[in-house]
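Chains as they are written, first to last, in the working numbering: chain B, 17 to 131; chain R, 6 to 120.
Following: one structure in structure tokens, then a few remarks.
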Amino acid sequence: AQSVSQHNHHVILSEAASLELGCNYSYGGTVNLFWYVQYPGQHLQLLLKYFSGDPLVKGIKGFEAEFIKSKFSFNLRKPSVQWSDTAEYFCAASDPTAGSYQLTFGKGTKLSVIP
Amino acid sequence: GAGVSQTPSNKVTEKGKYVELRCDPISGHTALYWYRQSLGQGPEFLIYFQGTSAADDSGLPNDRFFAVRPEGSVSTLKIQRTERGDSAVYLCASSLEGSSGETQYFGPGTRLLVL
Numbered sequence: 017a018q019s020v021s022q023h024n025h026h027v028i029l030s031e032a033a034s035l036e037l038g039c040n041y042s043y044g045g046t047v048n049l050f051w052y053v054q055y056p057g058q059h060l061q062l063l064l065k066y067f068s069g070d071p072l073v074k075g076i077k078g079f080e081a082e083f084i085k086s087k088f089s090f091n092l093r094k095p096s097v098q099w100s101d102t103a104e105y106f107c108a109a110s111d112p113t114a115g116s117y118q119l120t121f122g123k124g125t126k127l128s129v130i131p
Numbered sequence: 006g007a008g009v010s011q012t013p014s015n016k017v018t019e020k021g022k023y024v025e026l027r028c029d030p031i032s033g034h035t036a037l038y039w040y041r042q043s044l045g046q047g048p049e050f051l052i053y054f055q056g057t058s059a060a061d062d063s064g065l066p067n068d069r070f071f072a073v074r075p076e077g078s079v080s081t082l083k084i085q086r087t088e089r090g091d092s093a094v095y096l097c098a099s100s101l102e103g104s105s106g107e108t109q110y111f112g113p114g115t116r117l118l119v120l
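Now the structure itself:
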């Protein structure tokens with residue numbers, strides 16, 4: 017079965033530290049990849065997505081992610097985090113050959129940024 | 006413009022009761038998805054509608070769960086004979102066409118608690 021793994025359950029960083037959140041997927045063929053963020057008290061919103069082309073994807077608020085096919089990875093990065101980045105981050109994947117393009121999510125990584 | 010809305014925001018019910026959860030997607034979006042998010046987990050796919058049709062219901066856990074979208078806009082998720090294990094946040098998402106790589110926009114969710 018298709019699956020998405022996020023290995024970090026909770027990450028704590030000081031402001032201005034660099035961030036990298038891991039995401040691995042188990043799809044065998046082509047794949048669409050997403051990072052969603054859920055700020056405290058808010059709903060899930062898209063940070064960035066990859067479905068073709070340049071494997072380095074830039075999203076909102078200074079986030080980026082790199083699709084590395086050989087490693088089945090789509091790690092999220094930000095060079096310098098801010099307190100306002102405190103949130104839960106979800107990696108998700110979908111099969112572009114399937115009819116419904118349903119998202120398969122990882123368990124999420126909670127990021128706490130200390131001022 | 007208005008985003009995806011869901012009602013009620015919270016629902017408390019007793020084991021064995023019937024509940025209905027409502028989703029109002031973004032206007033003009035033909036694709037609608039239901040997900041369920043249990044504590045400490047990422048959202049899990051339940052069902053996908055394309056217009057009025059349930060195009061993929063492979064994620065529904067059993068026949069106690071049913072969803073409709075009779076006019077291709079508002080959708081209702083129905084749960085019969087609720088069990089304590091049904092307690093979760095039920096998320097609705099919509100997208101413009103339901104095509105590959107398309108962004109799914111999520112609502113705030115309905116938090117269901119079965120006592």
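For every residue, glycine included, the Cβ atom is placed at its ideal position computed from N, Cα and C.
What you are looking at is a predicted structure, and each value in this text was computed from that prediction instead of being measured.
(message) Any beta carbon from chain B within less than 8 Å of Gly56/R's own beta carbon?
(response) Not one chain B Cβ lies under 8 Å of Gly56/R.
(message) Check this for me: beta carbons of Pro48/R and Gln42/R, under 8 Å apart or not?
(response) yes
(message) Could you check whether the Cβ of Lys87/B sits closer than 8 Å to any Cβ belonging to chain R?
(response) no
(request) Please say whether Gln54/B and Ala103/B have beta carbons closer to each other than 8 Å? (result) The Cβ-Cβ distance between Ala103/B and Gln54/B falls below 8 Å.
(request) At 8 Å on the CB atoms, spell out the chain B contacts of Glu107/R, in chain order. (result) Within chain B, the residues near Glu107/R are Tyr117.
(request) Measure the Cβ-Cβ separation of Ser19/B and Phe88/B and say whether it is below 8 Å. (result) no
(message) Quick check on the DSSP output: the beta strand (DSSP E) that includes Lys74/B runs from which residue to which?
(response) Leu72 to Lys74
(message) Helix, strand or coil for Arg86/R? Go by DSSP, reduced to three states.
(response) Reduced to three states, the DSSP call for Arg86/R is coil.
(request) Examine chain B for any beta-carbon lying closer than 8 Å to the beta-carbon of Gln85/R, and answer yes or no. (result) no
(request) Step through the CB atoms of chain R and report whether any lies within less than 8 Å of the CB of Lys77/B. (result) no
(request) Would you grab the beta carbon distance between Ala72/R and Thr81/R for me? Rounded to a whole angstrom, and I think it's under 8 Å. (result) Confirmed, about 7 Å.
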